[in-house]
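Since the structure comes first, as structure tokens, the remarks are kept for the end.
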Amino acid sequence: MPPPDLRRKSALAAQFAGARANPGPAAVATVAGLINGSTMVAGASAIAWATDHLVVPALAGAHVPARAWWLSASFILGVSAIRWCTILVRGVSTGTVQYRAQAQTRRAVVRRFLDLHPDWHRERPAGKLLAHAGGDVDALWSPTQFAYFAAGMVFMLVLALTELFARAFALGLTGVALVVLVLGLNVTYQRLLAPRARDAQAARGVVSAVAHESIQGGPVVRGLGLTAVEDERFAPGVERLRAADVRLASVSSVFDPLLELLPTAAVLVVLGLGAPRVQQGSLSVGDLVGVVYLLITIAIPLNVISRFLSMLPMAAAGRERVHGVLGSADVVPDGDLDLGSSGPMRVELRGAGVSRHGRRIVADLDLVLEPGTITVVVGAVGSGKTTLLDLAGGQTHADSGVVLLDGTDVRALRRDAVPARVATVSQSPFLFAESIRDNLALGGSFSDEQLWRALRLAAADEIVRGLPDGLGTVVGERGATLSGGQRQRVCLARALLREPRLLVLDDVTSALDARVEQQVLAAIRDLGPERPTILISTGRPAALSIADHVVVLRGGRIVPAESAEEPRAAAGIEESSGVR
Numbered sequence: 001m002p003p004p005d006l007r008r009k010s011a012l013a014a015q016f017a018g019a020r021a022n023p024g025p026a027a028v029a030t031v032a033g034l035i036n037g038s039t040m041v042a043g044a045s046a047i048a049w050a051t052d053h054l055v056v057p058a059l060a061g062a063h064v065p066a067r068a069w070w071l072s073a074s075f076i077l078g079v080s081a082i083r084w085c086t087i088l089v090r091g092v093s094t095g096t097v098q099y100r101a102q103a104q105t106r107r108a109v110v111r112r113f114l115d116l117h118p119d120w121h122r123e124r125p126a127g128k129l130l131a132h133a134g135g136d137v138d139a140l141w142s143p144t145q146f147a148y149f150a151a152g153m154v155f156m157l158v159l160a161l162t163e164l165f166a167r168a169f170a171l172g173l174t175g176v177a178l179v180v181l182v183l184g185l186n187v188t189y190q191r192l193l194a195p196r197a198r199d200a201q202a203a204r205g206v207v208s209a210v211a212h213e214s215i216q217g218g219p220v221v222r223g224l225g226l227t228a229v230e231d232e233r234f235a236p237g238v239e240r241l242r243a244a245d246v247r248l249a250s251v252s253s254v255f256d257p258l259l260e261l262l263p264t265a266a267v268l269v270v271l272g273l274g275a276p277r278v279q280q281g282s283l284s285v286g287d288l289v290g291v292v293y294l295l296i297t298i299a300i301p302l303n304v305i306s307r308f309l310s311m312l313p314m315a316a317a318g319r320e321r322v323h324g325v326l327g328s329a330d331v332v333p334d335g336d337l338d339l340g341s342s343g344p345m346r347v348e349l350r351g352a353g354v355s356r357h358g359r360r361i362v363a364d365l366d367l368v369l370e371p372g373t374i375t376v377v378v379g380a381v382g383s384g385k386t387t388l389l390d391l392a393g394g395q396t397h398a399d400s401g402v403v404l405l406d407g408t409d410v411r412a413l414r415r416d417a418v419p420a421r422v423a424t425v426s427q428s429p430f431l432f433a434e435s436i437r438d439n440l441a442l443g444g445s446f447s448d449e450q451l452w453r454a455l456r457l458a459a460a461d462e463i464v465r466g467l468p469d470g471l472g473t474v475v476g477e478r479g480a481t482l483s484g485g486q487r488q489r490v491c492l493a494r495a496l497l498r499e500p501r502l503l504v505l506d507d508v509t510s511a512l513d514a515r516v517e518q519q520v521l522a523a524i525r526d527l528g529p530e531r532p533t534i535l536i537s538t539g540r541p542a543a544l545s546i547a548d549h550v551v552v553l554r555g556g557r558i559v560p561a562e563s564a565e566e567p568r569a570a571a572g573i574e575e576s577s578g579v580r
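The sequence shown maps to residues 1 to 580 in UniProt numbering.
The following block contains the structure:
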């Protein structure tokens, strides 16, 4: 089911979009809200009738027939029963609309995260992305919980004002004045609240981002004794959020009492106007009681409408931030061409360059990876090795020059073409908090034999056999803990399992000891006649021994290796390392 359309700027329009995306429950909630509103006016009529035909005669000592007792009880209880049923139906239907809209929007945000270009993600911390998918989506749809209640209450106001005018014109004017004053206060309230709500939502996103970093970096913080330093780093964001929330609360603290006071003041006015009419006989006691009941009851819809309107500024802030994700044009290009399904891939970089924030990362890269060859990239830290690998693997697109995979511009390929044919293992290995089997397969259909073969090639089979449940062992915080080197090998096995045509390895042996590294590199070299084209970046000497070609990067450019020792020097490898 598609998510609600959030392109319109109004938070109120977003609520209508949520209703259009869930028409059945929205229609039920609306009808239930309208019936509920009418029962509240009918309740006033029931009390007025019971007052004139039961209460006043009984207080006067007159005989009250049993029929009056039964009609009064049936009228009041019947209206109350209908109101209770509509509250139940409206609540269930409203929750269905709200939580479906939240789920649809949250899924759309996560899908958009997956579609957006890696460069977009590099500029945004993970905590901010979590805030978009969590708090911002919740804020966007929070007014929905009162939307259909408010719609019913608007209908009730129309009926109530009609009833007031029918009883006495002056009483109707009092009701209109009350509604106008409340709505006027709400308009002022919204204008003051909207900028404060945006500031609070932005501050909440900053706190979420810093909190995420603090949790991720917890071992580092504790290990280096930086708890006080981290607390000082966290405190300014929390203080800004506190100040923003206080500014929100200060507005509410002024307007909420006024909104509560107005209906009471209106009741006093009605009593002042109605009491003389009762004495003159132009208005019955029951009519006056019904009018007072209506005005007291009007306080409920006005309060509900006020709460609905008060949520709209926060919803508008959430909508802006969510639409900033859903409306971003920085997506991975989706062409109409595909790559072949077999055989190692040919990769060409022709004058390729990448800039970020006005700074040139790599420039004028000319490189050809022949099918089935192993190319090792070396260079100092910050020389652009990872960016070169991202370009060659289709993870980043060049803003100058061109990258060709099997002779096709990577920007002309279908979005799923590169992931289906290229496997990338980053220098920061990541495993989900799932079983080893699930981490390897990631939804794919592979036999245990295939899984063990990939683990063996990555020198990770003995690691998995030593785990309590083998392939079924859950890793991460909920299960077994693997070292950095062990995670690297499992991630490498995950890439090899897919039999890619291009294998990109970004310093994936950095956490391995020399013996295991040699074992892994030998397995990669001996993958067989269908060995993929392999591109490796490294700062260690062992990978040079399996290289068909060595590329030296310096300052974001490929430089010629003038001697056999140039690659080692570029990688910071000393002659004393024992490499010959």
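C-beta: ideal position from N, C-alpha, C; glycine also.
In this text the structure is predicted, and so the values were computed from the model without any measurement.
Under three-state DSSP, which class holds residue i?
i: S342; result: coil
i: A132; result: For the sequence presented, residue 132 should be read as His rather than Ala. H132 falls in the helix class under three-state DSSP.
i: V559; result: strand
i: E574; result: Its pLDDT being 41, under 50, E574 is placed unreliably in this model, and the coordinates cannot settle the point.
i: H323; result: helix
i: S447; result: coil
i: R501; result: coil
i: D115; result: helix
i: T375; result: strand
i: V270; result: helix
i: R124; result: coil
i: R531; result: coil
i: L337; result: strand
i: S483; result: coil
i: V475; result: strand
i: S400; result: strand
i: F16; result: helix
i: L178; result: helix
i: Q280; result: helix
i: V347; result: strand
i: R580; result: With a pLDDT of 26 at R580, under the threshold of 50, the modelled position of this residue cannot be trusted; read the value that follows with caution. Note: R580 maps to coil in three-state DSSP.
i: A46; result: helix
i: H53; result: helix
i: P25; result: helix
i: A275; result: helix
i: A522; result: helix
Identify every residue that forms a DSSP beta bridge with residue i.
i: D506; result: S537
i: A352; result: L365
i: H357; result: DSSP lists no partner for H357.
i: H549; result: T375
i: R554; result: R557
i: V207; result: Its beta-bridge partners do not exist; DSSP assigns none.
i: residue 586; result: Only positions 1 to 580 of the chain appear in the structure, and residue 586 is not among them; the question remains open.
Please report whether the beta-carbon of residue i lies at a distance below 8 Å from any beta-carbon of chain D.
i: S310; result: Here there is only one protein chain, and chain D is not present.
For my contact list, residue i and residue j are in at a C-beta cut-off of 8 Å; report their separation, rounded to the angstrom.
i: V325; j: R112; result: 5 Å
i: L288; j: V304; result: The Cβ separation is near 26 Å, so there is no contact.
i: R487; j: P429; result: 4 Å
i: F155; j: S38; result: 7 Å
i: A315; j: A14; result: 7 Å
i: V422; j: V550; result: V422 to V550, Cβ: 21 Å. No contact.
i: E163; j: A44; result: 7 Å
i: S10; j: L193; result: Not confirmed; about 15 Å, so no contact.
Does the ligand ZN have even one heavy atom less than 7 Å from the beta-carbon of residue i?
i: S250; result: Ligands are entirely absent from the displayed structure, and the ligand ZN is therefore not among its contents.
Ordered list of alpha helix (DSSP H) runs contained in the region 213-257, each at least 4 residues: DSSP runs (the alpha helix (DSSP H)) wholly in the region 213-257: 218-223.
The region 289-308 / the region 171-183 touching (three or more Cβ pairs under 8 Å): Of all C-beta pairs linking the region 289-308 to the region 171-183, three or more are shorter than 8 Å, placing the two stretches in contact.
Continuous alpha helix (DSSP H) assignments of at least 4 residues falling wholly in the region 402-455: Listed in chain order, they are 417-421 and 436-441.
Three-pair Cβ contact test at 8 Å for the region 365-377 versus the region 342-349: Taking 8 Å as the limit for Cβ pairs, the verdict is that the region 342-349 does touch the region 365-377.
The region 90-99 / the region 23-30 touching (three or more Cβ pairs under 8 Å): Contact between the region 90-99 and the region 23-30 is present: three or more C-beta pairs spanning the two stretches fall below 8 Å.
The region 233-243 / the region 132-147 touching (three or more Cβ pairs under 8 Å): A contact between stretches requires three or more CB pairs, one per stretch, nearer than 8 Å, and the region 233-243 fails this requirement with the region 132-147.
Three-pair Cβ contact test at 8 Å for the region 115-132 versus the region 205-224: Yes: at least three Cβ pairs fall under 8 Å.
Segment contact flag, the region 95-104 with the region 256-275, C-beta cutoff 8 Å, min 3 pairs: Contact fails: fewer than three Cβ-Cβ distances are below 8 Å.
Segment contact flag, the region 243-251 with the region 199-207, C-beta cutoff 8 Å, min 3 pairs: Yes, the region 243-251 touches the region 199-207.
The region 351-361 touching the region 425-436, judged by at least three CB pairs closer than 8 Å: No, because fewer than three Cβ pairs between the region 351-361 and the region 425-436 fall closer than 8 Å, the two stretches do not touch.
Three CB pairs or more closer than 8 Å across the region 410-424 and the region 380-387: Here the region 410-424 does not lie against the region 380-387, with fewer than 3 beta-carbon pairs under 8 Å apart.
The region 72-85 in contact with the region 13-23 per 3-pair CB rule at 8 Å: Not touching, per the Cβ criterion.
Sufficient close CB pairs (3 or more, under 8 Å) joining the region 398-411 to the region 459-479: The region 398-411 is not in contact with the region 459-479.
Given 8 Å, three or more beta-carbon pairs between the region 248-260 and the region 177-186: Contact annotation: the region 248-260 touches the region 177-186, with at least three C-beta pairs closer than 8 Å.
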